[in-house]
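Notes for the one structure printed next.
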Amino acid sequence: MTPSPVPYKTTIVFDENTLPAGFRKEHKTKAGVWGVIRVLEGQLRYQVLAPASDTVLEPGIIGLILPEQPHRVEPIGRMRMLVEFYNQLPAV
């Protein structure tokens, strides 16, 4: 059995005040990098720009970021979240 991928990097925990401006505007991961958005408290709007989708994330509902996929996030009130980065498709 192949072990599940583990993140090679994890951000600090951000809240609605500390979430970087760069996360709130269009950005993307590099080639070969997947991300997993984990909301620890509250809600976060996750917008994928191509192909277009708009999802509200909350604890238990993750946001999968595909390599080089343009996206942005926006807090919905009080929230806490982090992002994990993987060099292969994570088991989510």
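Numbered according to my numbering, the sequence shown terminates at residue 206, and the numbering increases by one at each position without gaps. All C-beta atoms, glycine included, are put in the ideal place defined by N, C-alpha and C.
Query raised in the report: By DSSP, does Ala135 sit in helix, in strand, or in coil?
Result: helix
Query - Nearest-angstrom Cβ-Cβ length linking Arg186 and Gln157, presumed shorter than 8 Å - result: About 15 Å; that fails the 8 Å criterion.
Report task. Go ahead and pull the three-state DSSP assignment for Ala166. Result -> strand
Requested in this report: Within 10 angstroms of the Cβ of Pro134, are there 16 or more other Cβ atoms? Answer buried if so, exposed if not.
Outcome: exposed
Query raised in the report: Ile126: buried (16+ other C-beta within 10 angstroms of its C-beta) or exposed?
Result: exposed
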